[in-house]
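Participant: Those sequence lines, one after another, are chains A and B.
When we follow full-length UniProt numbering, the leftmost residue of the first sequence carries the number 1, and every step to the right adds one.
When we follow full-length UniProt numbering, the leftmost residue of the second sequence carries the number 1, and every step to the right adds one.
For glycine and all other residues, C-beta sits at the position ideal for the given N, C-alpha and C.
Just so you know, these numbers come straight off a predicted model, no measurement behind them.
I'd like to ask some things about the structure below.
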Amino acid sequence: MITVELAKLFKRPRMYVIVALLCLLPFIVAIFLATTRIPPPPGQGGAFLSAVLSNGALYPAAALALVLPVFLPVAVAVLAGDSIAGEATGGTLRYLLIRPVGRTRLLVAKLIAQVAFVLFAIAAVVVTSYLTGVLMLGTGESTTGGVVLLPPDVTSLSGDLISPGELALRLLGTIGYITISMLGVAAIALFLSTLTDSALGAAMGALATLVTSQVLVTLDAAESVKPYLPTRYWLAWIDFFRDPILWRDIERGAGLQFVYVAVLLGAAWANFKTKDIGS
Amino acid sequence: MITTHGLTRRFGRTLAVDGVDLDVRAGDRYGLLGPNGSGKTTLVRMLLSLVYATAGTIEIMGKPVPRKAHEVLPLIGAMVESPGAYGHLSGRTNLSIFDAAGPGGGRRTRKARIDEALERVGLSGIDGRPVKTYSLGMRQRLGLAGALLRSPTLLILDEPTNGLDPRGIREIRDLMTELNAAGTTVFLSSHLLGEVELFCTRVGVMDRGRLVIQDDLDTLRAPTGRILVDTPDAERAHALLDGRVESRVGDRLVVRHADAAALNATLVGGDIRVAGIAPQQRTLEEVVLEATTSSADRVDAT
């Protein structure tokens with residue numbers, strides 16, 4: 001069933017359109033940066049955006065910072081919200097269940113397909129933005145001799161140097177962390193997808209949760225609930241680019257997402273297992 | 001093959017299915033009739049473990065459902081209401097996806113089985129076009145091919161001829177007859193009387209959630225004890241058979257008589273020309289209309 005779900009995911013033209021759009025955003029930003037060479041003022045704009053002007057090899061990190069807050073969660077919520085509800089609307093859910101595919105297996109396969117999508121999308125963004133960065137912004141080889149200068153707006157100590165190999169490792173860590181964060185989004189949308197037959201409704205519900213969480217994170221009055229909000233630690237991956245790596249928020253963020261995934265999957269399972277399939 | 005006892009399903013305050021004792025025997029061609037909204041689809045969904053019963057038991061092939069559904073379902077080929085397919089994929093890819101999704105579909109035999117099923121339903125020539133370009137009839141055939149993919153011992157079909165033209169309907173009926181002759185039990189749910197009358201040997205009729213009739217078609221259509229006579233000499237025949245003629249419309253008489261052959265001899269003996277003579281049988285329509293109340297989709301003011 002898992003291979004079937006993956007086949008279905010990668011045979012969907014829609015999925016490639018979403019990934020292409022995700023890759024397009026950093027590309028457009030890179031065009032403006034490369035032609036004008038105007039960095040955002042310190043403390044404003046996306047993370048890493050001024051740093052990439054001196055070294056394009058950091059551009060994947062900047063690209064992730066661009067797509068993470070809105071674009072990527074929207075894509076995940078739309079696809080995950082569609083996972084069960086879309087099958088119900090299309091009339092294929094009942095044929096899968098009488099095949100028979102166990103309801104638990106179906107849920108797990110859907111979640112694994114979501115993980116595959118997130119990994120594929122992030123990998124596509126990283127690869128295309130690396131190429132864009134290196135080709136359009138240059139690696140700054142002449143000034144730094146190939147080593148990567150960690151940007152002062154991220155590190156507390158400016159001028160830390162890391163080798164390209166270590167940069168790749170830190171990017172891998174980033175990809176892993178963002179995947180876990182998006183898994184939380186996918187779990188919310190998947191749970192809602194078992195509640196309703198409307199894919200749009202499930203995606204909308206997941207996005208409403210995220211937007212609410214994003215607003216509360218910036219609200220001082222909501223201090224007491226902040227550590228439990230799903231988006232609270234989303235940006236913790238930036239800590240991978242500090243020297244030394246600051247693990248505290250990364251660990252908390254990952255732990256929090258695992259709790260969210262476990263609880264929501266449990267709820268989705270309990271609901272779906274006993275549900276009448278009327279579609 | 002299928003046995004249910006007191007099968008009941010309640011949705012809020014309405015009883016969709018109410019104490020149904022279904023009895024489908026191996027080798028049957030069973031037709032489940034009933035007006036729209038009489039609970040046919042809910043019953044079929046319960047047999048397939050899509051909807052859970054409020055009360056009562058289901059046994060299919062001797063195994064309790066839904067508890068042993070994972071053992072029973074691989075032996076059932078089914079179509080529930082409209083066929084379902086992924087519109088952006090081709091018919092073959094669709095069949096292959098559904099086959100790979102569950103147990104009992106070997107990967108090595110898959111292509112051959114898909115080709116055979118498509119051949120059977122008359123779609124052997126389909127190319128790589130996506131299903132969303134198919135006509136309703138083609139989708140219906142594709143759904144049927146999906147049900148036949150693993151040579152099931154029980155076919156459960158809900159309105160299988162929906163969207164087909166008369167020739168298509170005939171083809172599908174011939175196919176079902178052929179499968180039944182080879183030992184497949186066919187359980188058909190339909191609101192088309194003619195459909196069931198032509199194909200089924202056993203009939204169940206549902207009305208407002210209850211199974212009001214369940215019997216062999218031949219028993220239901222038993223002779224009424226009357227004989228229909230067509231004669232140009234209706235006037236004289238009426239006089240000859242005085243007292244036994246129940247009604248007369250034009251050249252047609254309805255005569256109370258047990259034996260058509262004996263009546264024919266009497267008439268001919270009386271020098272009356274007989275154009276046609278046959279025992280009157282109840283039609284399935286009369287049986288069903290008698291047993292059911294008004295359509296559930298009719299909303300009258302009370």
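Alpha carbon to alpha carbon, what distance is there between leucine 229/A and isoleucine 277/A?
Facilitator: Stepping through the first sequence from its first residue, residue 277/A is reached at position 277. Stepping through the first sequence from its first residue, residue 229/A is reached at position 229. Looking at the two C-alpha atoms, the distance is approximately 33 Å.
Participant: Closer than 8 Å, Cβ to any Cβ of chain B: which residues of the segment 61 to 91 of chain A, in chain order?
Facilitator: Residues passing the 8 Å Cβ filter: Gly90 and Gly91.
Participant: Between Leu21/A, Ala62/A and Leu25/A, which lies nearest to proline 39/A when the distance is taken from Cα to Cα?
Facilitator: Within the first sequence, the letter at position 39 stands for residue 39/A. Nearest C-alpha to proline 39/A: Ala62/A.
Participant: Under 8 Å Cβ-Cβ, which residues of chain B neighbour isoleucine 277/A?
Facilitator: Here residue 277/A corresponds to residue number 277 of the first sequence, with the count starting at 1. Arg45, Leu50 and Val51, listed in chain order.
Participant: What's the call for tyrosine 52/B, buried or exposed, on a 16-neighbour Cβ count within 10 Å?
Facilitator: Counted from its first residue, the second sequence places residue 52/B at position 52. Label assigned to tyrosine 52/B: exposed.
Participant: What distance in whole Å lies between the Cβ atoms of alanine 78/B and isoleucine 98/A, which are believed to be in contact at a cut-off of 8 Å?
Facilitator: As a working note, residue 98/A is residue 98 in the first sequence. As a working note, residue 78/B is residue 78 in the second sequence. Confirmed, Cβ separation roughly 5 Å.
Participant: At a CB-CB cut-off below 7 Å, which residues of chain B make contact with methionine 1/A?
Facilitator: Against the first sequence, residue 1/A aligns to sequence position 1. Chain B residues near methionine 1/A: Ala101.
Participant: Tell me, which residues are paired with arginine 210/B by DSSP?
Facilitator: Counted from its first residue, the second sequence places residue 210/B at position 210. Bridge partners of arginine 210/B: Asp207/B.
Participant: For the alpha helix (DSSP H) containing tyrosine 59/A, list its first residue and its last residue.
Facilitator: Locating residue 59/A in the first sequence gives position 59, where the first residue counts as 1. It spans 59 to 67 - the alpha helix (DSSP H) in which tyrosine 59/A sits, taken as one unbroken run.
Participant: From the DSSP output, which residues share a beta bridge with phenylalanine 187/B?
Facilitator: Position 187 of the second sequence, counting from 1, holds the residue named residue 187/B. Its beta-bridge partners are Tyr30/B and Ile156/B.
Participant: Give me whichever residues DSSP pairs with serine 90/B in a beta bridge.
Facilitator: The count along the second sequence starts at 1 and reaches residue 90/B at position 90. Note: serine 90/B sits in a beta bridge opposite Pro130/B.
Participant: Give the DSSP bridge partners of isoleucine 76/B, in chain order.
Facilitator: Looking up residue 76/B in the second sequence gives position 76. Paired residues: Leu154/B.
Participant: Please confirm if tyrosine 130/A has its CB atom under 8 Å from at least one CB of chain B.
Facilitator: As a working note, residue 130/A is residue 130 in the first sequence. Not one chain B Cβ lies under 8 Å of tyrosine 130/A.
Participant: Ordered along the chain, which non-local residues of its own chain (more than five positions away) have a Cβ less than 6 Å from that of glycine 204/B?
Facilitator: Counting from 1 along the second sequence, the entry for residue 204/B is found at position 204. Contacts found: Leu32, Leu211 and Gln214.
Participant: In its own chain, which residues sit with a C-beta less than 6 Å from the C-beta of leucine 188/B, not counting the 5 before and 5 after it?
Facilitator: As a working mapping, residue 188/B is identified with position 188 in the second sequence. Once the five neighbours on either side are set aside, the close Cβ partners of leucine 188/B are Gly31 and Leu157.
Participant: Distance cutoff 8 Å, beta carbons only. Does valine 4/A sit that close to anything in chain B?
Facilitator: For this step, residue 4/A is matched to residue 4 along the first sequence. True, the Cβ-Cβ gap to chain B drops below 8 Å.
Participant: Determine, using beta carbons only, whether serine 82/B comes closer than 8 Å to chain A.
Facilitator: Along the second sequence, one-based indexing puts residue 82/B at 82. Interface residue, yes.
Participant: Is it the case that the Cβ atoms of isoleucine 84/A and leucine 190/A are separated by a distance below 8 Å?
Facilitator: Taking the first sequence and counting its residues from 1, the one referred to as residue 84/A is at position 84. Taking the first sequence and counting its residues from 1, the one referred to as residue 190/A is at position 190. Taking 8 Å as the Cβ cut-off, isoleucine 84/A and leucine 190/A qualify as a contacting pair.
Participant: Count the C-beta pairs between the segment 117 to 130 of chain B and the segment 35 to 51 of chain B that are closer than 8 Å, then say yes if the count reaches three, no if not.
Facilitator: Too few Cβ pairs lie closer than 8 Å, so no.
Participant: I want to see whether chain B comes within less than 8 Å of aspartate 153/A, judged by CB atoms only; does it?
Facilitator: By one-based count along the first sequence, residue 153/A stands at place 153. Since pLDDT at aspartate 153/A reaches only 48, below the 50 mark, its modelled position is unreliable, and the value read off the structure follows with that caveat. No, aspartate 153/A lies away from the interface with chain B (no Cβ there is under 8 Å from its Cβ).
Participant: Three or more beta-carbon pairs under 8 Å between the segment 221 to 237 of chain B and the segment 275 to 293 of chain B, yes or no?
Facilitator: Touching, yes, given that three or more Cβ pairs across the two stretches are closer than 8 Å.
Participant: Taking its Cβ as the centre, do 16 or more other Cβ atoms sit within 10 Å of tryptophan 237/A, making it buried, or is it exposed?
Facilitator: Against the first sequence, residue 237/A aligns to sequence position 237. By the neighbour-count rule (16 or more Cβ atoms within 10 Å), tryptophan 237/A is buried.
Participant: With 8 Å set as the bound, which would you pick, yes or no: does the beta-carbon of valine 101/A sit closer than that to a beta-carbon of chain B?
Facilitator: Translated into the one-based positions of the first sequence, residue 101/A becomes position 101. Yes, because at least one Cβ of chain B sits closer than 8 Å to the Cβ of valine 101/A.
Participant: Grab me the residues of threonine 57/B's own chain with a C-beta within less than 6 Å of its C-beta, minus the 5 sequence neighbours each way, in chain order.
Facilitator: As a working note, residue 57/B is residue 57 in the second sequence. Answer for threonine 57/B: His5, listed in chain order.
Participant: Counting Cβ pairs closer than 8 Å, one from the segment 69 to 86 of chain B and one from the segment 89 to 108 of chain A, do we hit at least three?
Facilitator: Cβ pair count under 8 Å is three or more, so yes.
Participant: Take every Cβ of the segment 125 to 135 of chain A, pair it with every Cβ of the segment 96 to 112 of chain B, and state whether three or more of those distances are shorter than 8 Å.
Facilitator: No, the segment 125 to 135 of chain A is not in contact with the segment 96 to 112 of chain B.
Participant: Nearest CA to the CA of valine 196/B: which residue from Glu81/B, Arg244/B and Glu285/B?
Facilitator: The sequence position of residue 196/B within the second sequence is 196, counting from 1. The shortest Cα separation from valine 196/B among Glu81/B, Arg244/B and Glu285/B belongs to Glu285/B.
Participant: Given a cut-off of 8 Å on the beta-carbon distance, is the pair leucine 136/B and glycine 163/B in contact?
Facilitator: Reading the second sequence from its first residue, position 136 is the one you call residue 136/B. Reading the second sequence from its first residue, position 163 is the one you call residue 163/B. Yes, the pair counts as a contact, with Cβ atoms nearer than the cut-off.
Participant: Among residues of its own chain, excluding the 5 on either side of valine 154/A, which ones have a beta-carbon nearer than 8 Å to its beta-carbon?
Facilitator: Position 154 of the first sequence, counting from 1, holds the residue named residue 154/A. Confidence in valine 154/A is poor, its pLDDT being 49 and thus under 50, which makes the residue's placement too unreliable to answer from.
Participant: Can you tell me whether leucine 253/B is helix, strand or coil according to DSSP?
Facilitator: To locate residue 253/B, count along the second sequence from 1; it is residue 253. Leucine 253/B: strand per DSSP, three-state reduction.
Participant: Which chain B residues sit within Cβ distance under 8 Å of lysine 8/A?
Facilitator: As a working mapping, residue 8/A is identified with position 8 in the first sequence. Going along chain B in sequence order, the residues near lysine 8/A (Cβ under 8 Å) are Tyr86 and Ile97.
Participant: Does the pairing of the segment 9 to 26 of chain A with the segment 65 to 85 of chain A give three or more beta-carbon distances under 8 Å?
Facilitator: Segments in contact, yes.
Participant: Grab me the residues of glutamate 166/A's own chain with a C-beta within less than 7 Å of its C-beta, minus the 5 sequence neighbours each way, in chain order.
Facilitator: Stepping through the first sequence from its first residue, residue 166/A is reached at position 166. None.
Participant: For lysine 226/A, which residues in the same chain have their Cβ closer than 8 Å to its Cβ, ignoring the five residues on either side in sequence?
Facilitator: Taking the first residue of the first sequence as 1, we reach residue 226/A at position 226. Here the set comprises Leu216, Val217 and Arg232.
Participant: Verify the CB distance criterion: does residue 304/B have a CB-CB separation below 8 Å to chain A?
Facilitator: An answer regarding residue 304/B cannot be provided, because it is not within the stretch 1 to 302 covered by chain B.
Participant: Less than 8 Å separating the beta-carbons of valine 24/B and glycine 87/B?
Facilitator: As a first step, residue 24/B is located in the second sequence; it is residue number 24 there, counting from the start. As a first step, residue 87/B is located in the second sequence; it is residue number 87 there, counting from the start. No, Cβ-Cβ distance for valine 24/B and glycine 87/B is not below 8 Å.
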